[in-house]
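Each remark here refers to the structure printed beneath this line.
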Amino acid sequence: MHVAQSMFDVRGIMSQADEKRNVRTLRNYGRSKITRRLTSGPGEKMQDKALKPDRRLCILPATSSLAYLIPKLVPRKRGPPRAPDSAAPAPPTPPLAAPPNLATHTYQRPSRRILSPADHELFLKSETCTLVTAFIFTLSDSVRDVPLSRVRAADTPPIISQILQILSDAGGILDENPPEDTGSRFGNPIFRTFLDALGDALPEWHKRLGLSDEGEIDEVATYLQNSFGNKRRIDYGSGHELNFFLWLLCLNRLSLLPPSTFPSLVLVVLPAYLTLMRRVQAAYYLEPAGSHGVWGLDDYQFLPFLFGASQLLHHAYITPKAIHNQLTLEEEGGEYLYLDQVAYLNSVKNVDGLRWHSPMLDDISAARNWTKIEAGMRKMFRKEILEKLPVMQHFLFGSLIPAAEGMSEELGIEDEEEEEGGEVKVWTDEGGQRHVHKSTGWGDCCGIRVPAAVGAEGEMRKGGGKVLRRVPFD
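Just so you know, we're using the UniProt record's numbering here: the sequence shown kicks off at 1 and counts up by one.
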């Protein structure tokens, strides 16, 4: 192809007069060699060849416009814009139902009733689901823009002081049952002894709260006993955290915790419970129950992030990105649950930086404001806890937190898992499929058994080593 043709195909566009004038211009340079670089093929040497006289180069006049050579820009055809899922409104706070009439009330020991996907669907449409959502969201609303220092334990009602004393006594039982030095990063078996001792103390603790009926104590105490972790698996997760708040909900149903105590429950009782559970997790190396690994908010807790985001909703200078500032975490962590939980995560992980050990929290910190984060936490409570069958299959229903009509017959707590050497029935998250684990071990279908970061850190401190034993996928 000629040079002129390779650059612009202008034959037929220029007038004949312009073409003749350009040819004469070329002939004035005829004796000078006008060369171009040509290559015959790969590996061959570049050559300079003289332009042959019959290959006439058409030069555009200086005044000629090249606009016609630029292709026109045609806008792409797109459908109507769709709002992203994140733009969906946050779940509102339902009104909290009034406590039931206890004059003729019959108590019952809580049991598992979500035994199939159909049971789970019934629960999500039930008044009980609305009751749980209303209680959690009302607690969150009660601490909007309220730091911890504004609600002091000394100014709380007597019922709050009694709950704090129960948690303190549980800490004393922890001190009386130190863990065995097994050299393993997985759950310590003394945790089971700890739970047995707690069970023995539960009746006396609830009598302090004003409960006298044995059936009443048995129902309410079951939720507290199941808020410290699973005895068989030696693990702890957001479901056990939820059981603690279901225990508080039962006390609310008994008219022992009116709405006026809600700020104290979040800003006084919850920090005491978190402090106790961190000690339990560190002592017995509790495994994360249903952990998403680094792709979850936290190995164990969820509600501190929801309540903490509500605390920071309209803060004047603490922005979502402030969680990356160590000085902010140190100075303000004692005032806000969200910052305190992030600071604790940083202290137990084996790498520095949320980007590496908690990328989900790192991504959330890019939000414009705390309003967006608080709305997202409300959605997560619905999606990741209430609407997750693997979590809700352990939910306990009694008379104060009743099961929906049509749900399966009750299954006792002791039937949740068989003794070691038996079979374990498990619901997965994909289509609500149920399968059985034999005594040969925990199948790959449910993930690899992973120890918590606190277990690896504890073993490192015992050995006095400087090199941390790595935790897989953590």
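Beta carbons: idealized from backbone N, C-alpha and C, even for Gly.
If you run the structure through DSSP and keep just helix, strand and coil, what is residue i?
{"i": "residue 243", "result": "helix"}
{"i": "residue 355", "result": "helix"}
{"i": "residue 139", "result": "helix"}
{"i": "residue 195", "result": "helix"}
{"i": "residue 396", "result": "strand"}
{"i": "residue 163", "result": "helix"}
{"i": "residue 317", "result": "coil"}
{"i": "residue 213", "result": "coil"}
{"i": "residue 235", "result": "strand"}
{"i": "residue 226", "result": "coil"}
{"i": "residue 208", "result": "helix"}
{"i": "residue 111", "result": "strand"}
{"i": "residue 411", "result": "strand"}
{"i": "residue 147", "result": "coil"}
{"i": "residue 74", "result": "coil"}
{"i": "residue 172", "result": "helix"}
{"i": "residue 255", "result": "coil"}
{"i": "residue 96", "result": "coil"}
{"i": "residue 363", "result": "helix"}
{"i": "residue 158", "result": "helix"}
{"i": "residue 186", "result": "coil"}
{"i": "residue 200", "result": "helix"}
{"i": "residue 88", "result": "coil"}
{"i": "residue 103", "result": "coil"}
{"i": "residue 249", "result": "helix"}
{"i": "residue 178", "result": "coil"}
{"i": "residue 387", "result": "coil"}
{"i": "residue 80", "result": "coil"}
{"i": "residue 131", "result": "helix"}
{"i": "residue 35", "result": "With a pLDDT of 42 at residue 35, under the threshold of 50, the predicted position of this residue should be treated as unreliable, though the coordinate-derived value follows. Correct three-state label for residue 35: strand."}
{"i": "residue 69", "result": "helix"}
List the endpoints of the continuous alpha helix (DSSP H) containing residue i.
{"i": "residue 404", "result": "Looking at the DSSP string, residue 404 is not in any alpha helix (DSSP H), and its letter there is neither H nor E."}
{"i": "residue 326", "result": "326-332"}
{"i": "residue 341", "result": "337-348"}
{"i": "residue 376", "result": "370-380"}
{"i": "residue 121", "result": "117-124"}
Please list, in chain order, all residues of the same chain as residue i whose beta carbon is under 6 Å from its beta carbon, the five residues on each side excluded.
{"i": "residue 351", "result": "357"}
{"i": "residue 339", "result": "329, 332 and 333"}
{"i": "residue 377", "result": "305, 306 and 309"}
{"i": "residue 365", "result": "320, 321 and 323"}
{"i": "residue 217", "result": "203, 206 and 211"}
{"i": "residue 226", "result": "243"}
{"i": "residue 145", "result": "313 and 314"}
{"i": "residue 148", "result": "267 and 335"}
{"i": "residue 407", "result": "113, 119 and 122"}
{"i": "residue 337", "result": "304, 307 and 308"}
I'd like the list of long-range same chain contacts for residue i, defined as Cβ closer than 7 Å, with 5 residues on each side in sequence excluded.
{"i": "residue 371", "result": "313"}
{"i": "residue 177", "result": "190, 193, 194 and 197"}
{"i": "residue 315", "result": "370"}
{"i": "residue 71", "result": "none"}
{"i": "residue 105", "result": "399"}
{"i": "residue 318", "result": "312, 328 and 332"}
{"i": "residue 181", "result": "none"}
{"i": "residue 375", "result": "90"}
{"i": "residue 151", "result": "263, 264, 267 and 268"}
{"i": "residue 93", "result": "134, 137, 138 and 141"}
{"i": "residue 239", "result": "289, 391 and 394"}
{"i": "residue 255", "result": "99"}
Tell me, to the nearest whole angstrom, how far the beta carbon of residue i is from that of residue j; I am working on the premise that it is less than 8 Å.
{"i": "residue 280", "j": "residue 174", "result": "6 Å"}
{"i": "residue 159", "j": "residue 257", "result": "6 Å"}
{"i": "residue 113", "j": "residue 410", "result": "6 Å"}
{"i": "residue 109", "j": "residue 219", "result": "6 Å"}
{"i": "residue 276", "j": "residue 172", "result": "That pair is no contact at about 11 Å."}
{"i": "residue 341", "j": "residue 298", "result": "7 Å"}
{"i": "residue 167", "j": "residue 153", "result": "Wrong, their Cβ atoms sit about 12 Å apart, outside the cutoff."}
Between which residues of its own chain and residue i is the CB-CB distance below 8 Å, once the five residues before and five after are set aside?
{"i": "residue 95", "result": "134"}
{"i": "residue 188", "result": "179, 180, 182, 234, 283, 284 and 285"}
Against chain D, with Cβ distances strictly below 8 Å, would residue i count as a contact?
{"i": "residue 140", "result": "In the structure shown, chain D cannot be found, because there is only a single protein chain."}
What alpha helix (DSSP H) runs, 4 residues minimum, are completely inside the region 265-312? Runs of the alpha helix (DSSP H) lying entirely within the region 265-312 and spanning at least 4 residues, in chain order: 270-284 and 303-311.
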